[in-house]
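Undergrad:
Have a look at this one:
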């Protein structure tokens, strides 16, 4: 009789075990498309079976196993960070590329060509008032073209600063989420078995990798510590250490919770924030410096050439054609003075009323003044540099996008939920559950019969 009751108890316990297995399968199927979720398996443990010793065996619940691969998770985060960096670089630099016209028909090159053509026309009739006014008008168009380029680059830098502010908010929000999950892990030892918390954890880490470069250290209690750039604490246990962006100087600075400058740990590293800092602090200022160099050389050369001649009245000129503020940027502040048509120095001192200086000024168009290049060539070099940077960013983006897909595919092969596999396990446990259920029914009937006999 005792053996019959023991068998009945074992069978009932098996039904509970299979019920737990059903719950795990159901959770896997439900979360098949949940970000960060990986397949869970309920391990079943066979109990000792020694009938002669009164040990009736059975099945018990073992540990819950997760299919998550820490190595593959890191591989996905690494590639996601590089993709975020390339995508952001393409976005930021792509805003600048349309500013630079290399055809020579528009923008700065077109305006400079028109300006020098104006001197060629003036040389035909150096005392013509219309031709002299055309020089001033063309000079104004050159100045305007340089200013538009400079404003466009500065506007792009302002947009990047706005993006940096948004990125910092995103990082701090994710840090708070990770710290909150750490708190749950630390307050409940069973939380490490919570597949839902685990999914939230790794989903937050993957989202963070899109924005910034970081390293992770796992503690014995299951909590994760996150270090930006591998050095600066962002999350330690259940505490988050928010960062901030400082836009008060020309160089944008990222500061840690204590106010320390950590920009060097992030700039040029994986994640969109690294690309933003590079664009704001290095790339765009480099473009602007090169543009200022062309604008300054152009204005100085034209002013110097005109200073060697004489105006319509045969007097040495006292007013430059171009002006700028070097401290604020030659391209951004380039403008024409209040010079009059009569003050344009088209002649030379040796031949007043002639066209000698107009011809000399026109020849500046072909002079290798900037590092062995003409003005249009130097500007073309800058435009080509911008184009190459955008092309490199586009190439990196396409390559990293494929690598991210490959990394996620490898991870999915190991840890993603397979609906076919879960359906097969469901059928397997369903059959076992039904068999044990029938056994329980038989045992229950036998027990009732024996009890009736005993009565």
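Numbering (our numbering), first residue to last: 150 to 604. Glycine included, every Cβ here is placed at the ideal spot set by N, Cα and C. Quantities reported herein were computed from a predicted structural model and do not represent experimental measurements.
(1) For residue 282 versus residue 263, is the C-beta spacing smaller than 8 Å?
(2) Quick check on residue 394: buried or exposed, where buried means 16 or more other Cβ atoms within 10 Å of its Cβ?
(3) Got a sec, what are the start and stop residues for the beta strand (DSSP E) residue 212 sits in?
(4) Which residue comes first and which comes last in the alpha helix (DSSP H) that contains residue 421?
(5) What does DSSP give as the partner residue(s) for residue 366 in the beta ladder?
(6) Look up residue 193 in the DSSP assignment and give the residues it is bridged to.
(7) Which residue from 396, 186 and 270 puts its Cα closest to that of residue 352?
(8) Buried or exposed: residue 151, going by 16 or more other Cβ atoms within 10 Å of its Cβ?
(9) Which of the three DSSP states is assigned to residue 150 in this structure?
(10) As a quick exercise: from 411, 432 and 448, pick the residue whose alpha carbon is nearest that of residue 514.
(11) Pick helix, strand or coil for residue 252, following the three-state DSSP scheme.
(12) Ordered along the chain, which non-local residues of its own chain (more than five positions away) have a Cβ less than 6 Å from that of residue 324?
(13) Taking residue 317 as the reference, give the member of 392, 303, 374 and 298 with the closest Cα.
(14) Pick helix, strand or coil for residue 164, following the three-state DSSP scheme.
(15) What's the C-alpha gap between residue 379 and residue 419?
(16) Quickly, what does DSSP pair residue 404 with across the bridge? List them, please.
(17) Using a 10 Å radius around the Cβ and a threshold of 16 neighbouring Cβ atoms, would you call residue 232 buried or exposed?
(18) Exposed or buried, which one is residue 362 when buried takes at least 16 other CB atoms within 10 Å?
(19) Out of 344, 297, 402 and 276, which one is the CA nearest neighbour of residue 216?
(20) Under DSSP, the beta strand (DSSP E) around residue 457 begins and ends at which residues?
(21) Output the boundary residues of the alpha helix (DSSP H) element that contains residue 488.
(22) Less than 8 Å between the C-beta atoms of residue 511 and residue 272, yes or no?
(23) From which residue to which residue does the beta strand (DSSP E) around residue 381 run?
(24) On a CA-only basis, which of 426, 222, 547 and 258 is nearest residue 347? Give me that one, please.
(25) Whole angstroms are fine: how far does the CA of residue 541 sit from the CA of residue 428?
(26) Can at least three beta-carbon pairs, one atom from the region 564 to 572 and one from the region 172 to 189, be found at a separation below 8 Å?
(27) If you draw a straight line from the alpha carbon of residue 507 to that of residue 268, how long is it in whole angstroms?
(28) Give me the Cβ distance between residue 415 and residue 426, rounded to the nearest whole Å; I'm assuming they're in contact under 8 Å.
(29) Take residue 487 as the anchor and find which of 286, 236 and 412 has the nearest alpha-carbon.
(30) Mind pulling the alpha helix (DSSP H) runs of 4 or more residues that sit fully within the region 302 to 362?
(31) Rounding to the nearest angstrom, what Cα-Cα distance links residue 372 and residue 354 in this structure?
(32) Helix, strand or coil, according to DSSP, for residue 418 in the structure here?
(33) In the DSSP assignment, the alpha helix (DSSP H) including residue 525 goes from what residue to what residue?
(34) Does the distance from the C-beta atom of residue 358 to that of residue 366 stay below 8 Å?
(35) Cα-Cα, which of 441, 225, 534 and 331 is closest to residue 560?
(36) What's the call for residue 408, buried or exposed, on a 16-neighbour Cβ count within 10 Å?
TA: Quick look at the numbers:
(1) Counting from 1 along the chain shown, the entry for residue 282 is found at position 133. Counting from 1 along the chain shown, the entry for residue 263 is found at position 114. Cβ atoms of residue 282 and residue 263: not closer than 8 Å.
(2) Along the chain shown, one-based indexing puts residue 394 at 245. It counts as buried.
(3) As a first step, residue 212 is located in the chain shown; it is residue number 63 there, counting from the start. Looking at the DSSP string, the run of the beta strand (DSSP E) that includes residue 212 is 208 to 215.
(4) On the chain shown, residue 421 is found 272 positions in, with the first residue counted as 1. Residue 421 -> alpha helix (DSSP H) spans 421 to 427.
(5) Residue 366 sits at position 217 when you count from the first residue of the chain shown. Note: residue 366 sits in a beta bridge opposite 374.
(6) Working through the chain shown from its first residue, we reach residue 193 at position 44. Residue 193 is bridged to 210.
(7) Here residue 352 refers to the residue found at position 203 when the chain shown is read from its first residue. Looking at the Cα atoms, 186 is the closest of the given residues.
(8) Your numbering for residue 151 matches position 2 in the chain shown. For residue 151, the predicted structure reports a pLDDT of 45, less than 50, and the residue's modelled location is therefore unreliable. The matter cannot be settled from this model.
(9) Walking along the chain shown from the start, residue 150 turns up at place 1. Residue confidence is low: residue 150 scores 43 on pLDDT, short of 50, so the model does not pin down where it sits. No coordinate-derived value is stated.
(10) Counting from 1 along the chain shown, the entry for residue 514 is found at position 365. Of 411, 432 and 448, the residue nearest in Cα terms is 448.
(11) In the chain shown, residue 252 corresponds to position 103, counting from 1. Reduced to three states, the DSSP call for residue 252 is coil.
(12) Sequence index remark: in the chain shown, residue 324 carries index 175 (1-based). Around residue 324: 383, 384 and 389.
(13) For this step, residue 317 is matched to residue 168 along the chain shown. Closest option to residue 317, Cα to Cα, is 392.
(14) Position 15 of the chain shown, counted from the start, is the residue given in the question as residue 164. Residue 164: helix per DSSP, three-state reduction.
(15) As a first step, residue 379 must be located in the chain shown, where it is residue number 230. As a first step, residue 419 must be located in the chain shown, where it is residue number 270. If I take the Cα positions, the gap works out to 12 Å.
(16) Against the chain shown, residue 404 aligns to sequence position 255. In the DSSP output, where bridge partners are listed per residue, residue 404 has 393 and 410.
(17) Here residue 232 refers to the residue found at position 83 when the chain shown is read from its first residue. With 16 or more other Cβ atoms within 10 Å, it is buried.
(18) What you label residue 362 is simply residue 213 of the chain shown in a count that begins at 1. Buried: at least 16 other Cβ atoms inside 10 Å.
(19) Mapped onto the chain shown, residue 216 falls at position 67. Of the candidates 344, 297, 402 and 276, the one whose C-alpha sits nearest the C-alpha of residue 216 is 344.
(20) Residue 457 sits at position 308 when you count from the first residue of the chain shown. Per DSSP, residue 457 belongs to no beta strand (DSSP E) and is neither H nor E.
(21) Position 339 of the chain shown, counted from the start, is the residue given in the question as residue 488. It is not in any alpha helix (DSSP H) - residue 488 carries neither H nor E in the DSSP assignment.
(22) Start at 1 with the first residue of the chain shown, and residue 511 comes out as number 362. Start at 1 with the first residue of the chain shown, and residue 272 comes out as number 123. Contact flag set, yes.
(23) Counting from 1 along the chain shown, the entry for residue 381 is found at position 232. 381 to 385 is the extent of the beta strand (DSSP E) around residue 381.
(24) To locate residue 347, count along the chain shown from 1; it is residue 198. Among 426, 222, 547 and 258, the Cα nearest to that of residue 347 belongs to 222.
(25) Within the chain shown, residue 428 is the residue found at index 279, counting from 1. Within the chain shown, residue 541 is the residue found at index 392, counting from 1. Taking the straight line joining both Cα atoms gives about 14 Å.
(26) yes
(27) Within the chain shown, the letter at position 358 stands for residue 507. Within the chain shown, the letter at position 119 stands for residue 268. So the alpha carbons of these two residues sit roughly 5 Å apart.
(28) Counted from its first residue, the chain shown places residue 415 at position 266. Counted from its first residue, the chain shown places residue 426 at position 277. Residue 415 to residue 426, Cβ: 6 Å. Contact.
(29) The residue given as residue 487 occupies position 338 in the chain shown. With distances taken between Cα atoms, residue 487 lies closest to 286.
(30) 344 to 360
(31) Taking the first residue of the chain shown as 1, we reach residue 372 at position 223. Taking the first residue of the chain shown as 1, we reach residue 354 at position 205. Approximately 13 Å, taken between the alpha carbons.
(32) As a working mapping, residue 418 is identified with position 269 in the chain shown. The answer is coil: DSSP assigns residue 418 none of H, G, I, E or B.
(33) What you label residue 525 is simply residue 376 of the chain shown in a count that begins at 1. From DSSP, the alpha helix (DSSP H) with residue 525 extends over 524 to 564.
(34) Taking the chain shown and counting its residues from 1, the one referred to as residue 358 is at position 209. Taking the chain shown and counting its residues from 1, the one referred to as residue 366 is at position 217. For residue 358 and residue 366, no; Cβs fall outside 8 Å.
(35) Here residue 560 refers to the residue found at position 411 when the chain shown is read from its first residue. Checking every option, the nearest Cα to that of residue 560 belongs to 225.
(36) The sequence position of residue 408 within the chain shown is 259, counting from 1. Exposed is the call here.
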